[in-house]
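Trainee: Got a structure here, written out as structure tokens. Questions coming.
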Amino acid sequence: MSSNALKDTKKLQVSFVSQASDKDTCPKKNITTDHISKKTTADEISERTFQDVSLCYQCGKCSAGCPVRYYMDIAPNKVVRLIQLGFYEDALKSDTPWLCAGCLTCSTRCPKGFDLAKFMDAVREIALERGVDVSQKNILKFHEAFLDQIRMHGRSYEAGLVAEYKMKTLDLFQDIDSAPGMYLKGKLNILPHNIKDRKGIKSIFKKTKLKKT
Ligand code: SF4
Ligand code: SF4
Numbered sequence: 047m048s049s050n051a052l053k054d055t056k057k058l059q060v061s062f063v064s065q066a067s068d069k070d071t072c073p074k075k076n077i078t079t080d081h082i083s084k085k086t087t088a089d090e091i092s093e094r095t096f097q098d099v100s101l102c103y104q105c106g107k108c109s110a111g112c113p114v115r116y117y118m119d120i121a122p123n124k125v126v127r128l129i130q131l132g133f134y135e136d137a138l139k140s141d142t143p144w145l146c147a148g149c150l151t152c153s154t155r156c157p158k159g160f161d162l163a164k165f166m167d168a169v170r171e172i173a174l175e176r177g178v179d180v181s182q183k184n185i186l187k188f189h190e191a192f193l194d195q196i197r198m199h200g201r202s203y204e205a206g207l208v209a210e211y212k213m214k215t216l217d218l219f220q221d222i223d224s225a226p227g228m229y230l231k232g233k234l235n236i237l238p239h240n241i242k243d244r245k246g247i248k249s250i251f252k253k254t255k256l257k258k259t
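All the letters of the sequence shown, read from the start, carry residue numbers 47 to 259 under my numbering.
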């Protein structure tokens with residue numbers, strides 16, 4: 047790299063740091079103190095996912111293969127970039143982690159072995175813990191309904207999931223026409239199939255301190 051290019055890179059890095067926003071911003075001087083606090087949001091995500099967020103080198107292969115990229119406000123790799131650069135609020139407020147279907151396409155395609163699906167999980171967790179106003183409220187309700195079924199039955203119970211989701215959203219007729227076909231193909235059991243060790247599942251929920259939001 048030429049010396050001019052090196053200077054430009056350094057300038058860019060300084061400008062990224064000075065623009066970074068997080069809840070740790072000093073109100074009087076309007077500067078971020080995140081770099082001197084013990085743990086940054088990026089560190090927290092790295093810890094939760096057992097992988098360093100700086101591993102990602104922004105090749106974009108994940109976003110190119112993401113089946114729901116079209117519906118997202120920010121490409122999946124850009125959410126990683128926001129976290130790398132300290133724009134935590136923008137990343138936490140994004141729709142992208144909530145629209146992520148956890149399909150793992152990105153994680154299997156990544157040349158750096160970065161598990162982006164796991165990264166999205168951590169972003170969602172932190173957003174909830176910090177009380178970020180989630181714009182995709184129905185998706186949050188779907189997550190809650192799904193986890194309730196696991197808590198009660200030890201596995202997914204589709205009819206219960208649909209019923210709870212509809213009660214939460216009051217969107218009673220959405221996808222109603224797919225129900226008969228699903229039932230005929232055995233995808234929609236009327237009664238739940240509980241696992242034997244439901245107590246074990248409940249204790250996992252207790253230990254992980256999963257709270258209803
Ligand atoms: S494929 Fe991997 S390295 Fe490339 S942008 Fe996505 S997460 Fe980053
Ligand atoms: S896990 Fe999420 S971000 Fe990754 S490809 Fe699937 S939907 Fe996209």
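Just so you know, even glycine gets a beta-carbon here, dropped at the ideal spot from N, CA and C.
Owing to the predicted nature of the structure, the values given are computational and were not obtained by experimental measurement.
Leaving out five residues before and five after Ala-191 in sequence, what residues of the same chain have Cβ atoms less than 7 Å from its Cβ?
Mentor: Leu-207, Glu-210, Tyr-211, Lys-214.
Trainee: Decide yes or no for the touch test of the region 178 to 191 against the region 155 to 165: beta carbon pairs closer than 8 Å, at least 3 of them.
Mentor: They do not touch, by the three-pair rule.
Trainee: Is Pro-113 a contact residue of ligand 1, with contact defined as CB to any heavy atom under 7 Å?
Mentor: Incorrect: Pro-113 has no Cβ contact closer than 7 Å to ligand 1.
Trainee: Indicate whether Ile-172 and Leu-138 have their beta-carbon atoms separated by less than 8 Å.
Mentor: Going by C-beta atoms, Ile-172 is nearer than 8 Å to Leu-138.
Trainee: As an exercise, report each continuous alpha helix (DSSP H) stretch of at least 4 residues that is fully enclosed by the region 128 to 209, in chain order.
Mentor: Qualifying alpha helix (DSSP H) stretches, in chain order: 134 to 139, 142 to 145, 151 to 155, 162 to 175, 183 to 199.
Trainee: Is any heavy atom in ligand 2 found nearer than 7 Å to the beta carbon of Leu-128?
Mentor: Not under cutoff, so the answer is no.
Trainee: What residue range does the alpha helix (DSSP H) around Gly-227 cover?
Mentor: Here the alpha helix (DSSP H) through Gly-227 covers 225 to 230.
Trainee: Let me check understanding here. Comparing Cα to Cα, which of Val-180, Gln-130, Thr-142, Leu-230 lies closest to Gln-104?
Mentor: That would be Gln-130, whose Cα lies nearest to the Cα of Gln-104.
Trainee: Would you identify the three-state DSSP class for Thr-254, choosing helix, strand or coil?
Mentor: The answer is coil: DSSP assigns Thr-254 none of H, G, I, E or B.
Trainee: Let me check understanding here. Comparing Cα to Cα, which of Lys-242, Asp-119, Ala-205 lies closest to Ile-236?
Mentor: Of the listed residues, the one whose Cα sits closest to Ile-236 is Ala-205.
Trainee: Over the uninterrupted alpha helix (DSSP H) stretch that includes Thr-95, give me the two end residues.
Mentor: Residues 87 to 95.
Trainee: Contact check, Pro-122 vs Thr-154 under 8 Å by CB: the rounded distance?
Mentor: That belief does not hold up - the Cβ atoms of Pro-122 and Thr-154 are roughly 13 Å apart, past 8 Å.
Trainee: Mark Gly-200 as exposed unless 16 or more other C-beta atoms lie within 10 angstroms of its C-beta, in which case mark it buried.
Mentor: The residue in question, Gly-200, is buried, as its Cβ has 16 or more Cβ neighbours within 10 Å.
Trainee: Report the residue from Asp-194, Ile-222, Gln-220, Gly-106 whose alpha carbon sits nearest the alpha carbon of Arg-244.
Mentor: Here the closest residue by C-alpha is Asp-194.
Trainee: Note down, in chain order, each residue of its chain lying with its Cβ closer than 6 Å to the Cβ of Gln-251, except the 5 sequence neighbours on either side.
Mentor: Here residue 251 turns out to be Phe, not Gln, going by the sequence shown. Closer than 6 Å at Cβ, skipping near neighbours: Arg-197.
Trainee: Whose C-alpha, out of Lys-107, Gly-148, Ser-100, is nearest the C-alpha of Leu-128?
Mentor: Selected option, being the one with the closest Cα: Ser-100.
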